[in-house]
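Asker:
Numbering (UniProt numbering), first residue to last: 1 to 210.
#1: Would you check if the segment 154 to 170 and the segment 18 to 31 touch, i.e. whether three or more CB-CB distances between them fall below 8 Å?
#2: Kindly list the residues whose CB is nearer than 6 Å to the CB of residue 28, restricted to its own chain and excluding five residues on each side of it in sequence; keep chain order.
#3: Return the CA-CA distance between residue 167 and residue 184, expressed in angstroms with no decimal places.
#4: Please report the Cβ distance between residue 135 and residue 111, rounded to the nearest whole angstrom; I am assuming they are in contact, meaning their Cβ atoms lie under 8 Å.
#5: Report the rounded CA-to-CA distance for residue 181 versus residue 188, giving the unit in angstroms.
#6: Would you call residue 178 buried or exposed, if buried means 16 or more other Cβ atoms sit within 10 Å of its Cβ?
#7: Only counting the same chain, and skipping five residues up and downstream in sequence, which positions put a Cβ closer than 6 Å to that of residue 102?
#8: For the beta strand (DSSP E) that residue 83 lies in, which residues bound it at each end?
#9: Quick test of your reading: residue 109 and residue 97, contact by CB under 8 Å. State the CB separation rounded to the nearest angstrom.
#10: Using only alpha-carbon positions, find the residue among 205, 158, 77, 72 that is nearest to residue 170.
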C-alpha cells in the first residue's frame with residue numbers, strides 16, 4: 001500500500017505483522033473504514049525496536065511519537081466535510097494500532113486517507129461507472145526491497161483487504177480475490193514482499209448485480 005506513517009514503521013521493523021483494511025461500502029457511496037496494523041505476533045521484537053528508537057541505523061518513532069501522530073490524524077481528519085466517527089487506538093502491550101471512521105462519499109474517503117500522507121494527493125478509491133475500484137499502485141522507494149536480508153520477514157508479513165457491500169458482487173477483477181458465499185464480501189491477501197515488488201497486486205475493480 002501507500003508509504004504511510006504507519007506503513008513506514010512496519011517496513012523499518014520488518015518483523016511479522018499484518019495490515020488489514022476493512023470497508024463496509026453502501027450503494028449511496030457512504031461507508032465505514034477501518035485500518036488495523038497488528039504486530040502482536042512479534043510484539044517483543046517490535047517493543048525492543050521502538051524502545052531503542054532505531055532499526056538498521058534509521059530512526060523510528062517512539063511510543064509518544066506514535067500517540068502524537070494518531071492524535072494529529074484525528075484532528076486533521078475531523079476538519080474534512082463528510083467524515084464522522086473518527087477514532088484511533090493503540091496498545092503498546094500487543095502493538096496493535098487502529099484507525100476507524102465513517103465517510104459520506106468516496107471523495108471524502110480519499111481526502112481522509114490523504115491526511116496520512118500529505119506529500120501525495122492520491123485517488124485511492126473511485127466509483128467507475130458503478131464499479132467500486134481500489135487503486136493501490138503507490139510509488140514505493142526502491143531501497144525498501146534492495147536488502148535481501150529483509151525478504152524472509154516481509155514474506156511472512158501480510159496486507160489484507162476486506163470489502164463488504166450491500167449489493168451482490170457480480171465480478172471481481174483481481175484474480176487473487178475470494179468472494180464470500182453471501183456474494184457481498186471480497187477478501188484479498190498478499191504478502192508484503194510481493195506487493196513491494198509489484199505494487200499493482202492490491203488493485204481491484206468490483207462490479208455488482210442490479
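Even for Gly, the Cβ is constructed at its ideal location relative to N, Cα and C.
Answerer: Once the coordinates are examined:
#1: yes
#2: For the purposes of this step, residue 28 is taken as the residue at position 28 of the chain shown. For residue 28, where only same-chain residues beyond five positions count, there are no Cβ hits under 6 Å.
#3: The count along the chain shown starts at 1 and reaches residue 167 at position 167. The count along the chain shown starts at 1 and reaches residue 184 at position 184. Going by the C-alpha atoms only, they are around 6 Å apart.
#4: Counted from its first residue, the chain shown places residue 135 at position 135. Counted from its first residue, the chain shown places residue 111 at position 111. With a Cβ gap of about 15 Å, residue 135 and residue 111 do not count as contacting.
#5: The sequence position of residue 181 within the chain shown is 181, counting from 1. The sequence position of residue 188 within the chain shown is 188, counting from 1. Going from the Cα of residue 181 to the Cα of residue 188 covers about 15 Å.
#6: Counting from 1 along the chain shown, the entry for residue 178 is found at position 178. Burial call: exposed.
#7: Here residue 102 corresponds to residue number 102 of the chain shown, with the count starting at 1. Taken in chain order, the residues that qualify are 32, 84, 85.
#8: The count along the chain shown starts at 1 and reaches residue 83 at position 83. Looking at the DSSP string, the run of the beta strand (DSSP E) that includes residue 83 is 83 to 91.
#9: Counting from one through the chain shown, the residue named residue 109 turns up at place 109. Counting from one through the chain shown, the residue named residue 97 turns up at place 97. No, residue 109 and residue 97 are not in contact; Cβ-Cβ is about 19 Å, not under 8 Å.
#10: Walking along the chain shown from the start, residue 170 turns up at place 170. With distances taken between Cα atoms, residue 170 lies closest to 205.
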